[in-house]
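Q: For the sequence shown, this note's numbering begins at 396 and goes up steadily by one.
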Amino acid sequence: MFKVNQDYLKLPGSYLFSTIAKKVAAFQAANPDKELIRLGIGDVTQPLAPAIIDSLHSAVDEMAAAETFRGYAPDLGYEFLRRAMAENDYQARGCDIDADEIFISDGAKCDSGNIQEIFSPDCKIAVCDPVYPVYVDTNVMAGRCGTYDPETEMWSNVIYMPCTKENGFAPVIPDEIPDIIYLCFPNNPTGSTVTKDELQKWVDYANRVGAVIIYDAAYEAYISEEDVPHTVYECEGARNCAIELRSFSKNAGFTGVRLGAAVVPKDIKDADGVTLHSLWARRHGTKYNGAPYIVQKAGEAVYSEAGRKQLAQQVAYYMKNARTIYDGLKEAGYSVSGGINAPYIWLETPDNMTAWEFFDYLLEKANVVGTPGSGFGPSGEGYLRLTAFGTYENTVAAIERIKNL
Ligand SMILES: *Cc1c(COP(=O)(O)O)cnc(C)c1O
C-alpha cells in the first residue's frame, strides 16, 4: 500500500485564515443584522490600474493573430520584463543586477516555497517570529525542520529570531549559525522595517558565516522613509549571499493576475563552488512553464509612465488607510506600530488579552475582523494585525467603532 509524504503529516492544525473564516461565518450566522468590516486578510481591493488593463487587452489581441501569437514563454521569462525590472528596480538604484539574473514566476508565494528545493536537506533555516507561514511550512514539507512542539509552537530544527516591542520588531543575529536566513522588509505581519545600515549587518554576517539570505521584498512599494532600503542589493556584498523575491501582488494589485520574480545573482556559490543561479535555472526549466505572455505584458506596464503614476495613487490610497488606522488607534490609547512603510498595523492587545481573545472581542463588540498575531508565531501572541487594504470609508468606520468601545 502506498504512503503519503510523512513530512506533510507533521504540519500542525488548520490554516490560520480558515480558522478565522469559520469564526466569522459562525458570528455572521448568529447575527445576520450586523455589518462586518474585514481588515483581516492581506489582499488588495482596488481594481487593476487602466495602464495595466490596456496592456492586458492589447496582449490578448496579439494572441488572436498568427504573426503575433505566442506559445511557451522563455524559461527565465520574457526579456522585455526582465530588462524593465533590472533597469527600474535595480540599476536605477545603483544596484548591479542583470536581466538574466531575474527569473519571472507566478508570484512570491511560489518562489518563497520552492526556493528551498535547491538547498541540501540538512541546511538549517532561521526565520523571524512572527513570520509569513510559507517559509517554515515549506521547509517542514521538505523534512528540514525536525519535530513540532505544540506547547511552544516551535520546530526543533528551526532557528527563531523573535521580533518584539523591545527590539523594534526587527530580528537580532542569532547565536546559532543558520544556513538560510529568511528576511522580509517591510514586514508582514508587523509592518516593521530595517534601515540600510541594519540590513548591511545581515549581509556582512551572511557572507562571514557562509549563509544565504532569502529576502522577501513584496512590500517594497510601500516604503515612505528615506533610510529604508528598497532592495537587499543596496547593501554591499549582497550579490554574494542574497536571493531577492519580488511580487506584483501588493504594488500593482496582481493577487489574482499572478506575477513575481526571483533574483538569483550569479555570484552566490555553495561550499563546493556550485552557483545557485545554475541550479535555480535548472529547477525553473524543469518544473515551471512560465507566467503567461499576457500577464508579463501587464507586468511591463507597471514600469510605464502611466502605470507608475496610477500605481503610486493606489499605494497612496492604501497608505491613507494605514495612517487612519495608526493615528486613530494611537489616539484611542492603543500601542501600535507598522503602517508607515507597510500596509499593516501591528496592534498590542489591551488588558493582557490574548490575540484570540482580542480577535473575538473586536468581532463581537465592534464587528471588525482582524488577524490574531499568534497565528504568525509565538512572539505574535498579544498582538493583532489590521490591514490597510479595505476601502477608505470602511477603514474610517472600523476605527470609529473601535474608538467607541
Ligand atoms: C503577499 C505576500 C507575498 C506575495 O505573494 P504572491 O504570491 O506574489 O501573491 C509574498 N510574501 C509576503 C510576505 C506576502 O505577504
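We put the CB at the ideal spot given by N, CA and C, even for glycine.
I'd like to check one pair, Ile-568 with Val-607: are the Cβ atoms closer than 7 angstroms?
A: Cβ atoms of Val-607 and Ile-568: not closer than 7 angstroms.
Q: Assuming the contact rule is C-beta atoms closer than 8 angstroms, Tyr-787 and Asn-716 should be a hit. Round their C-beta distance to whole Å, please.
A: Indeed they touch by this definition, with Cβ atoms about 6 angstroms apart.
Q: Could you check how far apart the C-beta atoms of Ile-689 and Ala-454 are, in whole angstroms? I think they sit under 8 angstroms.
A: Going by Cβ atoms, the distance from Ile-689 to Ala-454 rounds to 4 angstroms, so yes, they are a contact pair.
Q: What did DSSP end up calling Gly-538 once you bin it into helix, strand or coil?
A: In this structure, Gly-538 counts as coil in the three-state DSSP scheme.
Q: Is the number of C-beta pairs between the stretch 442-458 and the stretch 788-800 that are closer than 8 angstroms three or more?
A: The stretch 442-458 is not in contact with the stretch 788-800.
Q: When DSSP builds the beta bridges, which residues end up paired with Phe-753?
A: BP columns for Phe-753 are empty, so no partner.
Q: If we define contact as Cβ-Cβ less than 7 angstroms, is Ala-656 a contact residue for chain C?
A: This model lacks chain C altogether, as it is built from one protein chain only.
Q: With DSSP as the reference, label Lys-560 as helix, strand or coil.
A: Of the three classes helix, strand and coil, the one that applies to Lys-560 here is coil, per DSSP.
Q: Would you mind reading off the limits of the beta strand (DSSP E) that contains Ala-813?
A: Residue 813 lies beyond the range of the chain shown here (396 to 800); nothing can be said about it.
Q: Less than 7 angstroms between C-beta atoms, sequence neighbours within five positions excluded: which residues of the same chain meet that for Leu-406?
A: Excluding sequence neighbours, Leu-406 sits near Asp-532, Val-535.
Q: Near Val-529, what residues of its chain come up, given a Cβ to Cβ distance below 8 angstroms and the 5 sequence neighbours on each side ignored?
A: So the list reads Lys-504, Ser-507, Gly-508, once near-sequence residues are dropped.
Q: Please report the straight-line C-alpha distance between Ile-638 and Gly-632, rounded to a whole angstrom.
A: Their backbone Cα atoms lie some 12 angstroms apart in a straight line.
Q: What does a CB cutoff of less than 7 angstroms around Ser-642 pick up in its chain, not counting 5 residues either side in sequence?
A: Cβ within range, chain order: Gly-502, Ala-503, Ala-613, Gly-655.
Q: Give me the DSSP bridge partner(s) of Thr-766.
A: According to DSSP, which records beta bridges pairwise, Thr-766 is partnered with Arg-780.
Q: Of the residues Met-714, Asn-747, Tyr-756, which one's Cα is nearest the Cα of Ile-740?
A: Selected option, being the one with the closest Cα: Met-714.
Q: How far does the beta strand (DSSP E) with Asp-611 in it extend, from its first residue to its last?
A: Asp-611 -> beta strand (DSSP E) spans 607-611.
Q: Quick one: does the C-beta of Ser-644 sit closer than 6 angstroms to a heavy atom of ligand 1?
A: Ser-644 Cβ: within cutoff of ligand 1.
Q: Applying the 10 Å Cβ sphere with the 16-neighbour rule, what's the burial state of Thr-626?
A: Buried, because 16 or more other Cβ atoms sit within 10 Å of the Cβ of Thr-626.
Q: Are the Cβ atoms of Met-556 and Cys-518 separated by less than 7 angstroms?
A: Their beta carbons are not under 7 angstroms apart, which means Met-556 does not touch Cys-518 by this criterion.
Q: Taking just the CA atoms, how far does Gly-728 sit from Trp-751?
A: One C-alpha to the other measures close to 20 angstroms.
Q: Under 8 angstroms Cβ to Cβ from Gly-489, same chain only, skipping five residues before and after it: list those, please.
A: Excluding sequence neighbours, Gly-489 sits near Glu-629.
Q: On a CA-only basis, which of Asn-762, Val-659, Gln-708, Gly-723 is nearest Tyr-485? Give me that one, please.
A: It is Val-659.
Q: Please find out if some non-hydrogen atom of ligand 1 comes closer than 6 angstroms to the beta-carbon of Asp-524.
A: Every heavy atom of ligand 1 is 6 angstroms or more from the Cβ of Asp-524, so no.
Q: Once the 5 residues before and after Thr-547 are set aside, which same chain residues still bring their CB inside 8 angstroms of it?
A: Around Thr-547: Pro-773.
Q: The beta strand (DSSP E) that contains Phe-498, what's its start and end?
A: Start and end: 497-500.
Q: Reducing DSSP to helix, strand and coil, say where Ala-460 ends up.
A: Ala-460: coil per DSSP, three-state reduction.
Q: Determine, using beta-carbon pairs with one atom in the stretch 419-433 and one in the stretch 662-680, whether at least three such pairs fall under 8 angstroms.
A: No: the two stretches stay apart, fewer than three of their Cβ pairs being nearer than 8 angstroms.
Q: Using DSSP bridges, identify the partner residues of Lys-664.
A: Note: Lys-664 sits in a beta bridge opposite Thr-670.
Q: Determine the direct distance from the alpha carbon of Ile-492 to that of Ala-481, and round the result to whole angstroms.
A: Approximately 6 angstroms between the Cα atoms of the pair.
Q: CA-CA distance, Gly-437 and Ile-572?
A: Approximately 32 angstroms, taken between the alpha carbons.
Q: Please name the residue in Thr-559, Leu-779, Phe-784 whose C-alpha comes closest to that of Ile-415.
A: Of the listed residues, the one whose Cα sits closest to Ile-415 is Leu-779.
Q: If you measure between the beta carbons of Arg-678 and Ile-499, is that distance less than 7 angstroms?
A: Not in contact: Arg-678 and Ile-499 (Cβ atoms no closer than 7 angstroms).
Q: Have a look at Trp-675, Lys-645, Ile-520 and flag the residue whose alpha-carbon is nearest the alpha-carbon of Phe-784.
A: When only C-alpha atoms are compared, the closest one is Lys-645.
Q: Cβ atoms of Val-553 and Ile-510: under 7 angstroms apart, would you say?
A: In this structure, Val-553 does not lie closer than 7 angstroms to Ile-510 by Cβ.
Q: Would you check whether ligand 1 has a heavy atom nearer than 6 angstroms to the C-beta of Tyr-527?
A: Yes, since a heavy atom of ligand 1 falls inside the 6 angstroms radius drawn around the Cβ of Tyr-527.
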